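Student: Mapping to numbering that gives the first Met the number 0: the sequence shown position 101 is 100, numbers consecutive. Just passing along the structure, written as structure tokens.
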Amino acid sequence: MKNKKGIEPVIATVLLIVITIVAVALVVSFIVPFVQKQLQSSQVCYNARIEVKADESCWDSVKNVTIVKVTRGAEDFQLAGIYIKLGNGTTTKVLTTCDKLECTWPGDKFAESLYTINKDIGIMNTNSVAVAPIVQVGQTNKVCDVTSQVTIQPCT
């Protein structure tokens, strides 16, 4: 019988434990910052509220414009724009501020902005409006989920 020498079982066990600890530390060092970034992003959207004022928004068939009044909620967040979705039952059109609309939005808590959207960039006979805030998260902008969707009436 040959005299073979291998590593001791205790040393092998210690090496396996050290390798496992290093692997877990590497995985955690990548996952924790990712999860923190996702949580920060979703927390910002949770606090961001933009509402359509249905009683002050309407479709003007004489001027062929949709008038949309939005108001900002009470929470603090860095608003970078507003996503506006217009619908008339058959057609949907999505616009963002600073894209085809004026580059203004409500800056302070409970502030309001009025948007007049002509038929060339909007749609005819608008009967529904939805809005979503575009918030600044670090150096990027994130379009949050729709925070308000209303049915609008013809202007009187």
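Think of the CB as a built atom: it goes at the ideal place given N, C-alpha and C, for glycine as much as any other residue. What you are looking at is a predicted structure, and each value in this text was computed from that prediction instead of being measured.
Can you tell me whether DSSP reads residue 83 as helix, strand or coil?
Tutor: Strand.
Student: Could you please give me the residues that DSSP links to residue 66 through a beta bridge?
Tutor: DSSP lists 57 and 115 as partners of residue 66.
Student: Quick one: residues in its chain with C-beta nearer than 7 Å to the C-beta of residue 144, no 5 flanking neighbours on either side, listed in chain order?
Tutor: Once the five neighbours on either side are set aside, the close Cβ partners of residue 144 are 44 and 131.
Student: Which of the three DSSP states, helix, strand or coil, is assigned to residue 141?
Tutor: Residue state, collapsed to three classes: strand.
Student: Let me know if residue 28 comes out buried or exposed under the rule of 16 or more other beta-carbons within 10 Å of its beta-carbon.
Tutor: It is exposed - the Cβ of residue 28 has fewer than 16 other Cβ atoms within 10 Å.
Student: Mind reading off the beta-carbon distance from residue 51 to residue 147? Whole number of angstroms is fine, and I expect it under 8 Å.
Tutor: Between residue 147 and residue 51 the Cβ distance is about 5 Å, and since that is below 8 Å, they are a contact.
Student: May I ask you to report which of helix, strand or coil DSSP gives residue 8?
Tutor: In the structure shown, residue 8 sits in a helix (DSSP, three-state: H, G or I).
Student: Do residue 83 and residue 70 come within 9 Å of each other at the CB atom, strictly closer than that value?
Tutor: In this structure, residue 83 does not lie closer than 9 Å to residue 70 by Cβ.
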